[in-house]
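Numbering (the numbering used here), first residue to last: 1 to 138.
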């Protein structure tokens, strides 16, 4: 594995490989997100239902035991040319999207950092974000 040129060579090379997304119905949640993002749901892997992202990271949907699911935030960097199709799929599914993470600006898109972005909830209330430009960090 090669290190990015902006990473000091004395830093360990660490990449996110997968994360578990708790859901009340793993199939419904995986199908929902994959459908909005234009991705495919993979074959079950043990108790997980994977959705593979372009950078090698996998979202492993896991059916949680009974009880409330605490909302998490997942942000997806998407190509600008795919953004409108994703918004169109949200609209077709009757899912409200917002320009802000607090969900106060419905049916609006933000223009942060010179790109476009929107937030929406998945079936379990996870706060999903699509954005075309990564956030600038100090």
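Here a beta-carbon is modelled for each residue, glycine too, at the ideal position from N, C-alpha and C.
- The segment 57-77 makes contact with the segment 19-32, as at least three CB pairs between them are under 8 angstroms.
- Partner residues in the beta bridge of residue 63, as assigned by DSSP, are 23.
- Counting along the chain, residue 108 sits inside no beta strand (DSSP E), nor does DSSP assign it H or E at all.
- When rounded, the separation of the alpha-carbon atoms in residue 31 and residue 129 is 17 angstroms.
- In this structure, residue 119 lies away from residue 135, with their beta-carbon atoms at least 8 angstroms apart.
- DSSP places residue 49 in the uninterrupted beta strand (DSSP E) bounded by 48-52.
- The shortest CA-to-CA distance from residue 79 to any of 45, 127, 89 and 54 is the one to 54.
- Contact between the segment 107-127 and the segment 79-98 is established, with three or more Cβ pairs separated by less than 8 angstroms.
- Apart from the 5 residues on each side of it in sequence, residue 18 sits with its Cβ closer than 6 angstroms to the Cβ of 58 and 60 in its chain, given in chain order.
- Under DSSP, residue 41 shares a beta bridge with 51.
- Between the C-alpha atoms of residue 48 and residue 35 there is a straight-line separation of about 18 angstroms.
- The three-state secondary structure of residue 129, taken from DSSP, is strand.
- In this structure, residue 13 sits away from residue 124, with a CB-CB distance that is not shorter than 8 angstroms.
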